[in-house]
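Structure, as structure tokens:
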Amino acid sequence: MSTVQVYLFTSKSTHRDQIKQLQQRLEALGCPKEALQIVDVSEQPYLAERLRVVATPALVKAYPEPRQVLAGKDLLEQVDYWWPRWQTEAEANGQPPPAVTSPDVARLEEELARAQLTIRQLTAQVDFRNQVIEMLAHDLRNPLTAVSIALETLEMAPQRQELAPQLIQQARNQVKTLDRMITSILQVSRNQQKVLQLNPQAVQLPEVIQQVAQSFQTLLASRQHTLQVDIAEPCPLVFADPDALRRVLNNLLDNACKYTPPGGQISISTLHSTTLKVQVTVADNGPGIPLTDQERIFDPSTRLANHNQEPSGYGLGLAVCRQIIQAHYGRIWVESEPGRGSRFHFTLPVYRP
Ligand code: ADP
Numbered sequence: 419m420s421t422v423q424v425y426l427f428t429s430k431s432t433h434r435d436q437i438k439q440l441q442q443r444l445e446a447l448g449c450p451k452e453a454l455q456i457v458d459v460s461e462q463p464y465l466a467e468r469l470r471v472v473a474t475p476a477l478v479k480a481y482p483e484p485r486q487v488l489a490g491k492d493l494l495e496q497v498d499y500w501w502p503r504w505q506t507e508a509e510a511n512g513q514p515p516p517a518v519t520s521p522d523v524a525r526l527e528e529e530l531a532r533a534q535l536t537i538r539q540l541t542a543q544v545d546f547r548n549q550v551i552e553m554l555a556h557d558l559r560n561p562l563t564a565v566s567i568a569l570e571t572l573e574m575a576p577q578r579q580e581l582a583p584q585l586i587q588q589a590r591n592q593v594k595t596l597d598r599m600i601t602s603i604l605q606v607s608r609n610q611q612k613v614l615q616l617n618p619q620a621v622q623l624p625e626v627i628q629q630v631a632q633s634f635q636t637l638l639a640s641r642q643h644t645l646q647v648d649i650a651e652p653c654p655l656v657f658a659d660p661d662a663l664r665r666v667l668n669n670l671l672d673n674a675c676k677y678t679p680p681g682g683q684i685s686i687s688t689l690h691s692t693t694l695k696v697q698v699t700v701a702d703n704g705p706g707i708p709l710t711d712q713e714r715i716f717d718p719s720t721r722l723a724n725h726n727q728e729p730s731g732y733g734l735g736l737a738v739c740r741q742i743i744q745a746h747y748g749r750i751w752v753e754s755e756p757g758r759g760s761r762f763h764f765t766l767p768v769y770r771p
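Per the working numbering, the very first residue in the sequence shown carries number 419; after that it's consecutive.
Written out as structure tokens, the structure is:
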């Protein structure tokens, strides 16, 4: 008897006759009924994500290990090719298949995948907090030291009145820096709690993009930037927390406005590249980011030194964006070349009713 075990991933867009054909083919190849489980991706999205199923129908060989995913137009031919090989592997393995005590092992796997995601998110939160605290302890000291030196100098040299305005100005600037740091830290703390309490739902991405773009009109005008919004139609509903999504777009647009010299060209566009993900891109024609920094700008506290302007953040924005996008099972990254602008991309899952 065959000991191979497979999942057949389907979705609303998979035609019934396709599923039937596959089932019949598996049966003809000698696959017993209990060795095949049919899984709907909308009911078990975490499992689909964990097994990297990006299109349906897809056949996942769960046993013997390693797992293997088959998908694509020639799925039937692939099954014909692989099934006998899997059977040979299973027989050579000699081990009995894992005991199937419940008819729905896939559901248990789904729960396990969900729990693993929560653990990963919690661990990432703790690591992130630790990094922020470490950075704080280190960095708050500099402006504090500068303020106390300015005050001590004022105190010790009351006769040098001409120095007073300059020292007071220095102390003020340092206090502003402290204030900016503390605001950023408080924001991270608030965002962190929200990242843990994401409330994903069906979201009209074009609507959110237009709202965020609208809210940037004043800032864009003050820096004489132009903003182009380019949404590939039809754009499917995405499964996301709308507030968190707004925060990510806000951060990316804010950076594009901030780091691009006046008169820049900024754009937001979408791409619906697979049936499961939508890609959003925020691009600018600013200074760009060297290859060596493209990963570390997503770490907390990374501010690159080569921008000749007043910093207005504390290098936490992109770290928070990454946390939010990862909590949505998405990816965020940048493509850039110094002098040729930056393109920040992120992906979101498509909503499946
Ligand atoms: P902040 O803007 O507060 O410094 P971020 O985490 O948002 O923090 O960004 C980290 C760093 O990445 C920035 O300090 C800047 O050096 C770089 N960066 C981010 N966005 C852009 C951009 N659009 N163009 C050039 N550099 C950027």
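The beta-carbon is built from N, C-alpha and C at its ideal position, and this holds for glycine as well.
For residue i, does the three-state DSSP call read helix, strand or coil?
{"i": "His725", "result": "Because the pLDDT at His725 is just 49, under 50, the model does not fix this residue reliably, and the point stays unresolved."}
{"i": "Thr644", "result": "strand"}
{"i": "Thr678", "result": "coil"}
{"i": "Tyr499", "result": "helix"}
{"i": "Val424", "result": "strand"}
{"i": "Leu447", "result": "coil"}
{"i": "Val472", "result": "coil"}
{"i": "Lys695", "result": "strand"}
{"i": "Gln505", "result": "helix"}
{"i": "Ala510", "result": "helix"}
{"i": "Ala650", "result": "coil"}
{"i": "Glu755", "result": "coil"}
{"i": "Gln619", "result": "strand"}
{"i": "Arg665", "result": "helix"}
{"i": "Ser520", "result": "Caution is warranted here: a pLDDT of 48 is assigned to Ser520, below 50, making its placement in the model unreliable, and the coordinate value is therefore given only provisionally. Ser520: coil per DSSP, three-state reduction."}
{"i": "Gln462", "result": "coil"}
{"i": "Asp717", "result": "coil"}
{"i": "Asp711", "result": "helix"}
{"i": "Arg740", "result": "helix"}
{"i": "Arg608", "result": "helix"}
{"i": "Asp492", "result": "coil"}
{"i": "Leu530", "result": "helix"}
{"i": "Arg770", "result": "coil"}
{"i": "Leu402", "result": "Residue 402 lies beyond the range of the chain shown here (419 to 771); nothing can be said about it."}
{"i": "Leu734", "result": "coil"}
List the endpoints of the continuous beta strand (DSSP E) containing residue i.
{"i": "Arg749", "result": "Note, Arg749: premise wrong, no beta strand (DSSP E); not H, not E."}
{"i": "Lys479", "result": "476-481"}
{"i": "Asp458", "result": "454-458"}
{"i": "Pro705", "result": "Segment: none, Pro705 is in no beta strand (DSSP E) and carries neither H nor E."}
{"i": "Phe764", "result": "760-767"}
{"i": "Ala658", "result": "656-658"}
{"i": "Ser429", "result": "Ser429 -> no beta strand (DSSP E), and no H or E assigned at all."}
{"i": "Leu689", "result": "683-689"}
{"i": "Gln486", "result": "486-489"}
In the DSSP assignment, find the alpha helix (DSSP H) that holds residue i and state where it starts and stops.
{"i": "Ser633", "result": "623-633"}
Any heavy atom of the ligand ADP closer than 6 Å to the beta-carbon of residue i?
{"i": "Ser685", "result": "no"}
{"i": "Ile627", "result": "no"}
{"i": "Asp597", "result": "no"}
{"i": "Ile456", "result": "no"}
{"i": "Ala674", "result": "yes"}
{"i": "Gly757", "result": "no"}
{"i": "Gly681", "result": "no"}
{"i": "Tyr677", "result": "yes"}
{"i": "Asp435", "result": "no"}
{"i": "Leu526", "result": "no"}
{"i": "Gly448", "result": "no"}
{"i": "Ile603", "result": "no"}
{"i": "Asp702", "result": "yes"}
{"i": "Ile715", "result": "yes"}
{"i": "Leu709", "result": "no"}
{"i": "Leu736", "result": "yes"}
{"i": "Ser760", "result": "yes"}
Our contact map puts residue i next to residue j with C-beta atoms below 8 Å; I'd like the distance itself, whole angstroms only.
{"i": "Val700", "j": "Leu766", "result": "Going by Cβ atoms, the distance from Val700 to Leu766 rounds to 13 Å, so no, they are not a contact pair."}
{"i": "Ile649", "j": "Ile627", "result": "7 Å"}
{"i": "Val656", "j": "Leu623", "result": "5 Å"}
**Message:** Which complete alpha helix (DSSP H) runs does the segment 559-601 hold, if anything under 4 residues is left out?
**Reply:** 559-574
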